[in-house]
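Residue numbers (this note's numbering): 843 to 1311.
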């Protein structure tokens, strides 16, 4: 039988850096790396390990011996339990420093490329209440606080509507207030939770796969429109309509009230029918006079203000003069494609999700943009020599892939086509760096611009311009 890892305690450990997933980095007395939760670089802490590997320990702080000057007081009462905002205890200027540091280190270490002079990371004007989309889960077995457990409190209400406890698929933290999305988000979530509890409507039990209420999604836009989608597990028409009528009457600002009946083993709605109960089946986002239709299944950058800055940087890096054919790979709903279309001869967008491509075509019609074409399908199967022969060779490629980066076949096709410029937008600088290394044979990185889309978290976007050698 394998022996369990023996927990060890280390005293007065100095946190020297911020590592992956927002955790602190230190050195243990035996030379191993210490990866420490909920600390800030510059902290001196006592820690206890909870996992041991050949090269590192994972640990939790038991005492702050000396607080870092980089520390700040978290604004959220749920900080430390909720996994959503791991850097609320770090002042924002220091968050930006470590995000920029991570991007540049990944480009140099993984990409092994010669970097040009880079622009400082572009911070967000809003550091709270910046998200336009939030998803919450219902549960009939909420996470109990340390005080509740220690005090042996009688738990009368075990219902929760909030976020998963990190690493626990069956436990939900009940939220009082979330500081990521502006109202009416908190009012809608708390109002619905109270209404459902008052009327004894069943919250979802993920282990037993039963209960009426499963998830709640709230989307808002800069135009003031609000979308609410309630995901039900049980097909109970009477109680479903009680819930939806409550939301319709109590929150008249809701533009789009939708529901899904999902009896699958997972929460994803992308293979489910979304039904409009009241209002429209979509909301609109606007940017530089362009309107974008957002449905329940649409991908749209979750920080609208910073998305605008990101797209302006992308357009600037493309440096269009009106004569170019532009390929927008992983186009989503065609936001970037339409944002640059006025400065291009023609823009071709490719995306795997058919619904997103339909939305892209609709958005182009809304905006009377006639020089875009959109195609749905697996990128490596659509973006082929035959496709390029039919649609024209790209002068410029803009690519904004998912976190895993571009497929190797897509990289090889880009190298074969040799467009004069590539603008690579990424939410994962590690996979971006990997792809840049593959392109280094033919391309030189000439501009780098990190952009902070997600304050209070360790996540960061990065835009790179590559020019043909």
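From the three backbone atoms N, C-alpha and C, an ideal C-beta is built for every residue, glycine too. Quantities reported herein were computed from a predicted structural model and do not represent experimental measurements.
Between the alpha carbons of residue i and residue j, how many angstroms are there, rounded?
i	j	result
residue 1223	residue 1250	12 Å
residue 1198	residue 886	48 Å
residue 1059	residue 976	6 Å
residue 1158	residue 878	40 Å
residue 938	residue 1075	41 Å
residue 1213	residue 985	52 Å
residue 1260	residue 1308	11 Å
residue 849	residue 893	8 Å
residue 1115	residue 1125	18 Å
residue 946	residue 1044	49 Å
residue 1297	residue 1128	22 Å
residue 1275	residue 1229	27 Å
residue 1241	residue 1111	26 Å
residue 1239	residue 1169	5 Å
residue 951	residue 862	14 Å
residue 1208	residue 1133	7 Å
residue 1145	residue 1095	21 Å
residue 1072	residue 1057	6 Å
residue 1136	residue 1019	25 Å
residue 1182	residue 1206	12 Å
residue 1121	residue 1091	12 Å
residue 1084	residue 1093	14 Å
residue 1293	residue 1176	20 Å
residue 922	residue 851	20 Å
residue 1030	residue 884	39 Å
residue 903	residue 1141	38 Å
residue 1138	residue 949	35 Å
residue 866	residue 1248	30 Å
residue 1163	residue 1130	19 Å
For residue i, does the three-state DSSP call read helix, strand or coil?
i	result
residue 880	coil
residue 844	For residue 844, the predicted model reports a pLDDT of 48, less than 50, meaning its position is unreliable and no value from the coordinates is stated.
residue 969	coil
residue 1142	coil
residue 1086	helix
residue 1037	helix
residue 963	coil
residue 1064	coil
residue 922	coil
residue 869	strand
residue 859	strand
residue 800	The chain is shown only over 843 to 1311; residue 800 falls outside these bounds and no answer can be derived.
residue 874	coil
residue 1032	helix
residue 1241	strand
residue 1157	helix
residue 908	strand
residue 1114	coil
Go to residue i, then tell me how far its beta strand (DSSP E) extends in each direction, as first and last residue.
i	result
residue 1097	It is not in any beta strand (DSSP E) - residue 1097 carries neither H nor E in the DSSP assignment.
residue 1126	1125 to 1129
residue 1303	1303 to 1310
residue 979	975 to 981
residue 1118	1117 to 1121
residue 1004	1002 to 1006
residue 1172	Per DSSP, residue 1172 belongs to no beta strand (DSSP E) and is neither H nor E.
residue 1132	1132 to 1136
residue 802	This structure does not reach residue 802, given that the chain is present from 843 up to 1311, and the question cannot be answered.
residue 1312	In the structure as shown, the chain starts at 843 and stops at 1311, and residue 1312 therefore has no counterpart that could be examined.
residue 1015	1014 to 1016
Where does the unbroken alpha helix (DSSP H) through residue i begin, and where does it stop?
i	result
residue 1295	No alpha helix (DSSP H) holds residue 1295; DSSP gives it neither H nor E.
residue 1273	1271 to 1281
residue 1256	1250 to 1259
residue 937	934 to 951
residue 992	988 to 992
Tell me whether the beta-carbon of residue i lies closer than 8 Å to the beta-carbon of residue j.
i	j	result
residue 1155	residue 1173	no
residue 857	residue 881	yes
residue 907	residue 854	yes
residue 1160	residue 1068	no
residue 980	residue 1099	no
residue 958	residue 1210	no
residue 1017	residue 1005	yes
residue 1278	residue 953	yes
residue 1119	residue 1101	yes
residue 1003	residue 978	yes
residue 1215	residue 1256	no
residue 982	residue 1001	yes
residue 912	residue 1299	no
residue 1262	residue 1282	no
residue 1147	residue 968	yes
Unbroken stretches of the alpha helix (DSSP H), 4 residues or longer, contained in the region 1182 to 1239: Listed in chain order, the complete alpha helix (DSSP H) runs (minimum 4 residues) inside the region 1182 to 1239 are 1196 to 1208, 1221 to 1224, 1227 to 1233.
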